[in-house]
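Please read the structure below before turning to the comments.
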Amino acid sequence: MTRLLLTLVAVLMPLAAAAQPYPDAQRIVSIGGPVTELIFLLGAADRVIARDTTSSYPEEVNDLPDVGYMRQLSAEGVLSVGPDLIVTRDTAGPVEAMDQLRAAAIPMVEVHDGYSADSVVAAMRTVGVALGLPERGEALARQAEADFAALKAKAAAGPAVRVMFVLSNQGGRLNVAGAGTGADGILSLSGAENVMAAEFQGYKIVSDEAIIAAAPQVILMMEPTGNPETDDLRAGVMDLPAVKQTPAGAAEALVRVPPAALGFGPRTAALAGALHDTLANAVK
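Right, dumping it as structure tokens:
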């Protein structure tokens, strides 16, 4: 069995971002919602002793101690729970805290945070190898590859819906998604066109003129979170004069997605497929 495990690790290592295997780790701190979800999906939930604030799925993960928000971590806080392995997204921070964790005598596996099908598949292999579960990681990766291929074929069968993703409404000024964002990635996977992808990278507040010129068919936003401060920043978008002058505004075409759709975890193919169907129905 040991020889089989080592053989599989050797075969899968190039595909798993050179992750080292830690099959004996029993006190794992997981940082990043998609990473935590993946560990649970791999059947290693009983080895996780703490998680970060962004890790809220599946539901039982909320019973674990919370070491803080992924981008505002304290090295002391993470180490205080006594981990023997830290599995984190490579966008966790701040830099100083991550440097302290790398310097600690605790193994740390950093999973690439990307917005593509390839990044989802690579994460499955990376975490599978890291936990000493390469067979399970590979099985998940192969299924995901098949799911993404089927979605790509489905999306190619119809015209691309023109979509504007609105992150927030700041007093009538919209902060929208350009290229290199989770919103752009999920729209691409769903077969839609992000109308701002060619204009800029990241998120940016845009002018009324830019909104009208982009002519989106659908406005896409995140589902309400139950947080009044956050939800208030997404209110009133469809009532704005500039939005009303777009095809989306004229048709009152507003679609919402769960926050997990922008996280690129194990459910990404399913979430992108659901978004494809919802957008297609919104422009009928």
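With mature numbering (1 follows the signal peptide of the UniProt record, and there is no 0) applied, the sequence shown corresponds to residues -19 to -1, 1 to 265, in that order. Glycine is no exception: its CB is placed at the ideal position from the N, C-alpha and C atoms.
Here the alpha carbons of M145 and A194 stand approximately 12 Å from one another. Excluding sequence positions up to five before and after A158, its CB lies within less than 7 Å of the CB of F146, L148, A164, D165, N175, M177 and Y184, all in the same chain and listed in chain order. By the Cβ test, the segment 98 to 106 is not in contact with the segment 80 to 87, since fewer than three Cβ pairs between them sit closer than 8 Å. Of the candidates P46, I20 and T34, the residue whose Cα lies closest to the Cα of R28 is I20.
The DSSP assignment places complete alpha helix (DSSP H) segments of no fewer than 4 residues inside the segment 51 to 95 at 56 to 60 and 76 to 84, in order along the chain.
Runs of the beta strand (DSSP E) lying entirely within the segment 124 to 208, each at least 3 residues long, are 143 to 151, 154 to 158, 184 to 187 and 199 to 203 in chain order. In chain order, M202 and E204 place their CB closer than 6 Å to the CB of R237, counting only its own chain and leaving out the 5 sequence neighbours on each side. Residue environment analysis places R32 among the buried positions, since at least 16 neighbouring C-beta atoms fall within 10 angstroms of its C-beta. Counting only residues of its own chain and dropping the five nearest sequence neighbours on each side, T227 has a CB closer than 6 Å to the CB of A196 and P197. By the Cβ rule, the segment 47 to 54 counts as touching the segment 68 to 76, because three or more pairs are nearer than 8 Å. Under the three-state reduction of DSSP, R117 is assigned to helix. For L235, the secondary structure class from DSSP, reduced to helix, strand or coil, is strand. Between the alpha carbons of P222 and L66 lies a distance of about 52 Å. Counting other Cβ atoms within 10 Å of its Cβ, E233 stays below 16 and is therefore classed as exposed. Closest in alpha carbon position to E190, among V142, I200, L260 and R154, is R154.
Shown here for F181: same chain residues with a beta carbon closer than 8 Å to its own, the five before and five after excluded, namely G159 and A160 in chain order. Exclusion of the five residues before and after V62 leaves V10, I30, A31, P46 and V48 as the residues of its chain whose Cβ lies within less than 7 Å of its Cβ. Each of H257, Q7, Q1 and V16 was checked against the Cα of P140, and the nearest Cα belongs to H257.
R123 and V102 have their alpha carbons spaced roughly 8 Å apart.
The segment 33 to 45 makes no contact with the segment 127 to 141, as fewer than three CB pairs between them are under 8 Å.
Per DSSP, R28 lies in no beta strand (DSSP E) segment and is marked neither H nor E.
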